[in-house]
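In this note's numbering, the protein residues as written are 3 to 303. Backbone N, C-alpha and C fix where the C-beta goes; we use that ideal spot for every residue, glycine too.
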Amino acid sequence: MFKPKKMIKAVDDISFPVYRGETLGIVGESGCGKSTTGRSILRLHENTSGQILFDGKDISTVSSSEMRQLRRKMQMIFQDPYASLNPKKSIREILTEPLRVHGLDTPKEREHKAIEIMEIVGLSEYHLDRYPHEFSGGQRQRIGIARAVILRPDIIVADEPVSALDVSIQSQVINLLLQLQKEFHLTYVFISHDLGVVQHISDRVGVMYLGKLVEIADAQHIFTNPMHPYTKALLSAVPITHPDEKKERIIIKGDLPSPANPPSGCTFHPRCANAMEICKTQAPTLQIIDETQSVACHLFQ
Ligand code: SF4
3 MFKPKKMIKA VDDISFPVYR GETLGIVGES GCGKSTTGRS ILRLHENTSG QILFDGKDIS
63 TVSSSEMRQL RRKMQMIFQD PYASLNPKKS IREILTEPLR VHGLDTPKER EHKAIEIMEI
123 VGLSEYHLDR YPHEFSGGQR QRIGIARAVI LRPDIIVADE PVSALDVSIQ SQVINLLLQL
183 QKEFHLTYVF ISHDLGVVQH ISDRVGVMYL GKLVEIADAQ HIFTNPMHPY TKALLSAVPI
243 THPDEKKERI IIKGDLPSPA NPPSGCTFHP RCANAMEICK TQAPTLQIID ETQSVACHLF
303 Q
């Protein structure tokens, strides 16, 4: 007899708004559920329960044809641009295909849009007949960004979009994302384990631990006044940027537990230096501290 498969909750009981035109950074250790959250927002990952409201409409219940229409407005930028670009297709095909699939524009207009977006992302018409393997990692990510933006979406989920790139290229790609956001009024959900990058690009930041949102706040607040012990420890590892800045590194003990067997109560309690008896048995809920900051921790409940 086979034992029934145990269900692992990669993300559990989280709720947060994403405001039009903002960048919401989502951070946490690898395996904390950030990517699942990002994919769930775009319904690339089917949720077992809950709602995903887009312009007030629950997209988790819309029909597949309605979802196809909505997909144009919701795009994704992936961590590995090489894996996400079809190696057998030219850049021209890669860029015009989304427009064709959505039935937008004439072939000539699609061609024109492809040339235009290549120039906007810092490449040129000359590159359109080339193939993904002929580009550097940074250029491939520019093409991945162009493919997402060519549809003029409302929201883009960027999942670790710069973590595979050299540091010098990372800032160029971040600056490109900021420029595109201004130009096309884009909303970003920016997923990263790199807090330095998240600090640079985000208006608000959500911190995830073992499938739950433990703190969410304005970026400025979270980086100057983190409240959750896990956020404090994560931020203590960000390198200082000014010689006068003083920072004490908080080491988180132990490894991230398996989501298949999460600790009871507050799932961070076995690793938390502030853990109390209540933390072992009762899970804290996200509490509003003020209009910019919410925290899930018994120290504030
Ligand atoms: Fe630490 Fe308790 Fe707060 Fe969890 S609820 S972060 S264990 S103090």
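Where residue i falls, given that 16 or more other Cβ within 10 Å makes a residue buried
{"i": "Gly198", "result": "exposed"}
{"i": "Ala148", "result": "buried"}
{"i": "Tyr211", "result": "buried"}
{"i": "Ala262", "result": "exposed"}
{"i": "Pro155", "result": "buried"}
{"i": "Tyr232", "result": "buried"}
{"i": "Glu162", "result": "buried"}
{"i": "Gln71", "result": "exposed"}
{"i": "Gln172", "result": "buried"}
{"i": "Lys230", "result": "The sequence given here has His at residue 230, not Lys. Counting Cβ neighbours within 10 Å, His230 comes out buried, since at least 16 surround it."}
{"i": "Arg102", "result": "exposed"}
{"i": "Lys36", "result": "buried"}
{"i": "Thr38", "result": "buried"}
{"i": "Ile43", "result": "buried"}
{"i": "Pro304", "result": "What is shown of the chain runs 3 to 303, which leaves residue 304 out entirely."}
{"i": "Phe79", "result": "Note that residue 79 is Ile in the sequence shown, not Phe. Burial call: buried."}
{"i": "Ser194", "result": "buried"}
{"i": "Pro109", "result": "exposed"}
{"i": "Pro228", "result": "buried"}
C-beta contact flag for residue i and residue j at 7 Å
{"i": "Gln77", "j": "Ala150", "result": "yes"}
{"i": "Ile157", "j": "Leu97", "result": "no"}
{"i": "Leu288", "j": "Glu31", "result": "no"}
{"i": "Gly40", "j": "Ser204", "result": "no"}
{"i": "Arg251", "j": "Ser238", "result": "yes"}
{"i": "Gly124", "j": "Arg144", "result": "yes"}
{"i": "Val209", "j": "Val64", "result": "no"}
{"i": "His271", "j": "Lys282", "result": "yes"}
{"i": "Thr25", "j": "Phe192", "result": "yes"}
{"i": "Ile242", "j": "Lys249", "result": "yes"}
Assumed close pair residue i, residue j - CB separation to whole angstroms, cut-off 8 Å
{"i": "Cys268", "j": "Ala285", "result": "6 Å"}
{"i": "Pro134", "j": "Tyr84", "result": "6 Å"}
{"i": "Leu87", "j": "Gly140", "result": "Not quite, the Cβ-Cβ distance comes to about 13 Å (not below 8 Å), so this is no contact."}
{"i": "Asn49", "j": "Ser66", "result": "With a Cβ gap of about 16 Å, Asn49 and Ser66 do not count as contacting."}
{"i": "His104", "j": "Arg74", "result": "5 Å"}
{"i": "Ile224", "j": "Val207", "result": "5 Å"}
{"i": "Asn214", "j": "Asp15", "result": "Note that residue 214 is Lys in the sequence shown, not Asn. That pair is a contact at about 7 Å."}
{"i": "Met120", "j": "Leu106", "result": "So it is not a contact: roughly 17 Å between Cβ atoms."}
{"i": "Ile291", "j": "Phe302", "result": "6 Å"}
Cβ of residue i within 7 Å of any chain D Cβ
{"i": "Gln289", "result": "The structure shown contains no chain D, having only a single protein chain."}
Checklist entry - Okay, do the stretch 92-100 and the stretch 53-63 touch, 3+ Cβ pairs below 8 Å being the bar? => result no
Checklist entry - With a cut-off of 8 Å, do at least 3 Cβ pairs link the stretch 164-177 to the stretch 102-118? => result no
Next on the checklist: For the structure I just gave you, are there three or more beta carbon pairs, one from the stretch 290-302 and one from the stretch 212-226, closer than 8 Å?
Outcome noted: yes
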